[in-house]
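Protein sequences appear in the order of chains B and L.
Take any residue in the first sequence, note its place counting from 1, add 1253, and you have its number in my numbering.
Take any residue in the second sequence, note its place counting from 1, add 1, and you have its number in my numbering.
From the three backbone atoms N, C-alpha and C, an ideal C-beta is built for every residue, glycine too.
Just so it is clear, the structure is predicted and the values come from calculations on it, not from any experiment.
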Amino acid sequence: MRWMWIDRVVELIPGKKLVAVKNVSLAEEHLHDHFAAEPKQGLPATPVMPACFILEGMAQAGGVLFGHANGFAFNVVLAKINRAEFLREATAGCTLRYTAEMERMDAGGVGASVKGTVALLDHARPSEGFVAIGGVEMMFSNLDNSRGQAGVVGVDYPSGNFVFGESFKTLLRSSGF
Amino acid sequence: MTRDEIFGKIQTVLVDALAVDAEEVTPGASLVRDLGAESIDFLDIVFKLEQAFGFKIAQGELFPENVAQDPKFVKDGKVTAEGIAALKARLPHVDFAKFEANPAVTKVGDLFTVESMVTFVQNKLGR
Chain B
1254 MRWMWIDRVV ELIPGKKLVA VKNVSLAEEH LHDHFAAEPK QGLPATPVMP
1304 ACFILEGMAQ AGGVLFGHAN GFAFNVVLAK INRAEFLREA TAGCTLRYTA
1354 EMERMDAGGV GASVKGTVAL LDHARPSEGF VAIGGVEMMF SNLDNSRGQA
1404 GVVGVDYPSG NFVFGESFKT LLRSSGF
Chain L
2 MTRDEIFGKI QTVLVDALAV DAEEVTPGAS LVRDLGAESI DFLDIVFKLE
52 QAFGFKIAQG ELFPENVAQD PKFVKDGKVT AEGIAALKAR LPHVDFAKFE
102 ANPAVTKVGD LFTVESMVTF VQNKLGR
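The structure is reproduced here in structure tokens:
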């Protein structure tokens, strides 16, 4: 099973924009290690969502946008992160919103450039609404055995679509898409 | 637009796409050997050039595709005469003089210099 970092797709404009949300929960074990208390230094536990997982959530939103635009015909991978910036931490009980906007997509589905915006809703301060906390510029490519440019020369990939499996299909179906 | 102005814009594109310093982007610098470009960077550069200069670049127009995978074009690790002719026809902005002396397939990446990109843009704008 794929490690999903988005809970629901809330908006999808094919080939243009995808908006997804992720609820941060204390049931996620990694939050207890990131960061655990350091009694010797007198530091209390500070459970915050690791930025790398926020990045992964943003990438999953962008990857689904690109994959959907090509009918999930290709194995889409995150190929490059041009820039990533996070200005605020996400704590348990907050909701993250990932907005992926297609900047440029190659005609043959070889690659795409996607702009991502991360916003946070703190349910303790509902009047503030979603507040932008970061941005990611990223590029996606597809792994295709017939295309040496996109893949690694001399490496064969498994047959079938091993990126957009049951987990992503379930996510889209349960989101109403 | 003069060659210097084109070079300035290309320098900005490459600094952004490849995270290199502006001083490293010299006319003779090879994108792969000197500036560390990888396959996805070429697509990134194409997208950024389109944005910077306001024209469209067709797939394979600036950088060739699948040369190394075509058995007609590569034999014993070298690009064949047929391959070089095909590359020349497809890439009029590239200087093949050095490459023809030792057309090793591993040296194909060296063909793409900052200078060749300036010529490419100049040709596109001149049309």
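Contact check for Val1389(B) against Leu1373(B) fails: the beta carbons are separated by 8 Å or more. Rounded to whole angstroms, the gap between the alpha carbons of Ala1289(B) and Ala1298(B) is 5 Å. For Ile58(L), no beta strand (DSSP E) segment is defined, and its DSSP state is neither H nor E.
Nearest neighbour of Phe1430(B) by Cα position, chosen from Leu1296(B), Trp1258(B), Pro1267(B), turns out to be Pro1267(B).
Beta-bridge analysis with DSSP links Leu1279(B) to no other residue. Between the segment 1266–1283 of chain B and the segment 1305–1324 of chain B there are three or more inter-stretch CB-CB distances shorter than 8 Å, so the stretches are counted as touching. Considering only beta carbons, the part of the segment 1354–1368 of chain B lying closer than 7 Å to chain L consists of Arg1357, Asp1359, Ala1360, Gly1361, Val1363, Gly1364, Ser1366, in chain order. One thing to note: Pro1300(B) has its Cβ no nearer than 8 Å to the Cβ of Leu1318(B). No residue range can be given for Met1302(B), since it is assigned to no beta strand (DSSP E) and is classified by DSSP as neither H nor E. Bounds of the beta strand (DSSP E) holding Glu1390(B) are 1384–1396.
For the segment 36–54 of chain L, the beta-carbon criterion of a distance under 9 Å to any beta-carbon of chain B is satisfied by Glu39, Ser40, Ile41, Asp42, Phe43, Leu44, Asp45, Val47, Phe48, Lys49, Glu51, Gln52. Per the coordinates, the alpha-carbon of Arg1341(B) lies some 6 Å from the alpha-carbon of Ile1386(B). Among the residues of chain L, those whose CB is under 7 Å from the CB of Ala1332(B) are Ile41, following chain order. Closest in alpha carbon position to Val95(L), among Ser31(L), Ala20(L), Glu39(L), is Ser31(L).
In this structure, DSSP gives Lys10(L) a helical state, which the three-state scheme calls helix. For Asn1335(B), the uninterrupted beta strand (DSSP E) run begins and ends at 1328–1339, by DSSP. Between Ala105(L) and Lys125(L), the C-beta gap is not smaller than 8 Å, which leaves the two residues out of contact. Per DSSP, reduced to three states, the secondary structure at Val1263(B) is strand. Note on geometry: alpha-carbon atoms of Arg1357(B) and Gly1316(B) lie some 13 Å from one another. The beta carbon of Gly1364(B) sits closer than 8 Å to those of Ala1332, Met1358, Met1392, Phe1393, Ser1394, Asn1395, Ala1403, all from its chain and outside the five residues before and after it, given in chain order. In the DSSP annotation of this structure, Ala53(L) is not part of any beta strand (DSSP E); the continuous alpha helix (DSSP H) holding it starts and ends at 40–54. In summary, Lys57(L) is exposed, with fewer than 16 beta-carbon neighbours lying within 10 Å of its beta-carbon over all protein chains present. Contacts with chain L at 8 Å (Cβ-Cβ) include Met1392(B). Secondary structure at Ser1366(B): strand, using DSSP grouped into helix, strand and coil.
Under the DSSP assignment, Leu36(L) falls outside any beta strand (DSSP E); it carries neither an H nor an E label.
Close CB contacts of Phe8(L) within its chain, under the 6 Å cut and outside five residues either way in sequence, are with Val119 (chain order). Residue pairing of Met1358(B) in beta bridges, as defined by DSSP: Ala1365(B).
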